[in-house]
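Take a look at the structure below.
Residue numbers (UniProt numbering): 1 to 914.
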């Protein structure tokens, strides 16, 4: 190894942790140091499962590697040699042996969080021209030995030596060489790899090595130790490859975590028909059903299963092929769940009828499966209900609300074929056959499906952009299926009747040919593929809660959802409200468990019907009396809207924000629209055009908006306050429950602004209560969305009875960034890790979060009982919800369909805090 002589900056001098042979240096709790794979290999070895021996190079070495110019701690080389020696002692074989059966190793990555397919792996390492002959002699199986060597040269050449296809090539160079020899010797480039003879494989090794020399200018390395050094460096290097970076950005995995490297003795599933490899789950990761689920291939190594180049058989079929191995796997399945108390995703190899475990991890699952598994494990006594709440990623709740295909539409649709259901839900979109074009089309606003023979990690960007994924090859543990389940994408795999022609950009299936850009539809629950665009229907949960077209007892998904939501309520401290501007939105949110409205945007009510013309008449008026007359026409509409919302709230609190956006947004912008308005209100079009120009704001985030409108035009505040109070009193009288309006004054920067607006609100309240002979309780507060408001919150709290953080605007004003920048430089900022996440999707906790913390502390110093909330769309982001809980906010508010996500995140935050 290339080492650095300076003292190591890591926290320990131990960089290699061995496992196997019935013992292990580490254990399952050491994921931060050993990575998920290494920690679980150690844990399986500790509990007596059949794990081939090996060792893990810690994540600290990865950090050191990048901090010290791609060099290693001085002690590492000796520790690796000790690890290899221990493996040799356990197995009775020698690494690089040229006289007897050599010990070969696999070199794999292993980050703290599973990143399937994103980093590199090298198998069968340690072979050379002499040791392969020793392997032939020892096993008496030349095809097996040369197949291992072929695989090693191909994988090492690609991953370590960087043999990539040229821009003018359609296929990877090694795959092209395989296709060529198949065509030469069997007349068919698509014949399965298992048909290749020992002589074919020996010839391929020769061609591969020539390809390496041609493309790199260097001979393929013969020294096993040199091979090992290169493989370890390649795995560490793959931590920062493009697909790994994209994956980390999507799932918020910090770059400083690094990856471990696992070196493990090879066991072989490709020795013949009494060997095989597979991937299995202790439960169904798509549906959550308690069944042994997965697949296997005989006479194959594990990469054959996950790469999707061959479609494997379901693991249940192993019962008939090799009953003893199947029974052993069933025993291991039970041991894993009883020990880890979670659904496991594990890889196994059967070598000459003996089962070996290569890895286990908590399995990626769909939202539907996550809810079902959590509930059923509580029933089985494997976990308690609090663990169930903690376990489900909050952002998976969205998957339970995704649409399904409409029953009537499906009856009319043309079914093309059936594949394997790998990611449930319904997806319709225009088909694209590569990741780049898929991303481009999605960026242009199209709904797209990514269709591939099989996906690879290089397709990650396209998979993120797509509504759904369809592959012709691969099974339920293929790369496409694993990644789709984690992303919550609709996915159908192994649809082997699908013919993908990359050159002509066509897909042929069911007697029809589709060009790139044509519509197809896939059902990831049933595995069915349909022609054209198929209409969708609401999910089962929405059918039960909102449309009430399904009975709760008829939906297992709803029952699990309701159960988890009840557990959330049992432990949550911080409430969840909704952002809603209409009775329908309010009813939907309350059905999802919202405890009130956190933001009602009154300006949204101005755009319905003819009322926009009254708003425009008010804006264009030059005299106060004319403005008052125009505003009075809006009063009954606003009052009616508020009555509907208060009735839908049924006594729950509702925060109503007074008019916020700049006035020019209400005026017609085109010449045609301005002419039409001029005719309607009998005003010269020149006057309208001039007024539009006068009011135009170059940056609508700044300038004349929010409370500044109410100060300049107090008649607007008066009308809105009257509409609120009259509606509140009348609903409380008509319905018999208390109505508690919370009136929010937007864009306050100075306490005096709020004082002026509150005086108008209080005056109108007194008038209405006297006129109606009744009164309601109400609060007046403000939205904290300007840095000055945050740092002077103690002053503002003298008047404000509540704060609601408008985190969208606070982010824009605090960072000097616009939401529009999400399409310009912000993606590059994320790639460079200037920002960890999109700051308009998840709160910038180190910057904007500190402003919020300051405002909370200052506000409470003046008014200890002040009500504190958040009403930006960050209120539906799980990480932001948890941050708000740490600040001690009273509630978060989000859009109706994100209420369940926020409820789960709030419950998890409370359990973490406890």
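Backbone N, C-alpha and C define an ideal beta-carbon position, used for all residues, glycine too.
These figures come from a predicted structure and were not determined experimentally.
Taking residue i as part of the alpha helix (DSSP H), name the residues at either end of that continuous run.
i	result
residue 491	Unbroken run through residue 491 is the beta strand (DSSP E), 490 to 493; no alpha helix (DSSP H).
residue 155	142 to 159
residue 139	129 to 139
residue 347	Note, residue 347: premise wrong, no alpha helix (DSSP H); beta strand (DSSP E) at 344 to 351.
residue 215	198 to 216
residue 819	Looking at the DSSP string, residue 819 is not in any alpha helix (DSSP H), and its letter there is neither H nor E.
residue 637	624 to 649
How would you write the range of the beta strand (DSSP E) that residue i sits in, first residue to last?
i	result
residue 501	499 to 501
residue 894	891 to 894
residue 55	54 to 57
residue 742	741 to 745
residue 259	259 to 265
residue 571	Per DSSP, residue 571 belongs to no beta strand (DSSP E); it is in the alpha helix (DSSP H), 556 to 571.
residue 124	121 to 125
residue 420	420 to 423
If you drop the 5 nearest sequence neighbours on each side, which residues of the same chain put their C-beta closer than 7 Å to that of residue i?
i	result
residue 188	182
residue 438	432, 448, 450, 462, 465, 466
residue 579	598, 599, 871, 893, 894, 895
residue 290	283, 376
residue 142	136, 198
residue 415	528, 530
residue 541	400, 401, 557, 558, 561
residue 539	400, 401, 402, 403, 404
residue 369	284, 285, 286, 287, 288
Please classify residue i as buried or exposed, where buried requires at least 16 other C-beta atoms within 10 Å of its C-beta.
i	result
residue 43	buried
residue 36	buried
residue 58	buried
residue 444	exposed
residue 581	buried
residue 784	buried
residue 40	buried
residue 412	exposed
residue 832	exposed
residue 682	exposed
residue 502	exposed
residue 702	exposed
residue 223	exposed
residue 684	exposed
residue 317	exposed
residue 148	buried
Assuming residue i and residue j form a contact by the criterion Cβ under 8 Å, report the distance between their Cβ atoms to the nearest whole angstrom.
i	j	result
residue 33	residue 60	7 Å
residue 153	residue 125	So it is not a contact: roughly 11 Å between Cβ atoms.
residue 255	residue 120	17 Å between Cβ atoms; not a contact.
residue 349	residue 336	Not a contact, Cβ separation roughly 16 Å.
residue 151	residue 380	With a Cβ gap of about 41 Å, residue 151 and residue 380 do not count as contacting.
residue 954	residue 363	Any answer about residue 954 is impossible in this case: the structure gives the chain only from 1 up to 914.
residue 312	residue 295	4 Å
residue 53	residue 96	That pair is no contact at about 17 Å.
residue 812	residue 819	7 Å
residue 800	residue 781	5 Å
residue 435	residue 491	Not really, about 15 Å apart at Cβ, beyond 8 Å.
To which residues of the same chain is residue i closer than 8 Å at the C-beta, ignoring the five residues directly before and after it?
i	result
residue 213	219, 220
residue 738	651, 732, 776, 777
residue 351	267, 268, 269, 271, 275
residue 911	386, 389, 390, 571
residue 691	619, 620, 667
residue 5	With a pLDDT of 34 at residue 5, under the threshold of 50, the modelled position of this residue cannot be trusted; read the value that follows with caution. 74.
residue 495	417, 418, 419, 420, 470, 471, 472, 509, 527, 529
residue 601	579, 581, 657, 660
Which residues in the same chain as residue i place their Cβ atom closer than 6 Å to its Cβ, once the five residues preceding and following it in sequence are excluded?
i	result
residue 898	876
Exercise. Is the region 551 to 559 close to the region 512 to 531, with three or more CB pairs under 8 Å?
Worked result: As far as the Cβ criterion goes, the region 551 to 559 does not touch the region 512 to 531, which means the pair count is below three.
For this session: Please confirm if the region 127 to 141 is in contact with the region 160 to 178, defined as three or more CB-CB distances below 8 Å between the two stretches.
Result: The region 127 to 141 and the region 160 to 178 do not touch, with fewer than 3 CB-CB distances between them shorter than 8 Å.
For this session: Take every Cβ of the region 570 to 579, pair it with every Cβ of the region 390 to 399, and state whether three or more of those distances are shorter than 8 Å.
Result: Contact between the region 570 to 579 and the region 390 to 399 is absent, because fewer than three Cβ pairs lie under 8 Å.
Exercise. Is the region 872 to 888 in contact with the region 659 to 672, if contact means three or more CB pairs nearer than 8 Å?
Worked result: Judged by Cβ distances under 8 Å, the region 872 to 888 makes no contact with the region 659 to 672, as fewer than three pairs qualify.
Problem set entry | Segment contact, 8 Å Cβ cut-off, at least three pairs: the region 611 to 618 with the region 588 to 596 | The way I'd put it, the region 611 to 618 doesn't touch the region 588 to 596; fewer than three beta-carbon pairs between them come closer than 8 Å.
Exercise. Three or more beta-carbon pairs under 8 Å between the region 848 to 863 and the region 803 to 814, yes or no?
Worked result: Contact between the region 848 to 863 and the region 803 to 814 is present, because at least three Cβ pairs lie under 8 Å.
Exercise. If we count Cβ pairs, one from each stretch, closer than 8 Å, do we get three or more for the region 838 to 848 versus the region 898 to 914?
Worked result: The way I'd put it, the region 838 to 848 doesn't touch the region 898 to 914; fewer than three beta-carbon pairs between them come closer than 8 Å.
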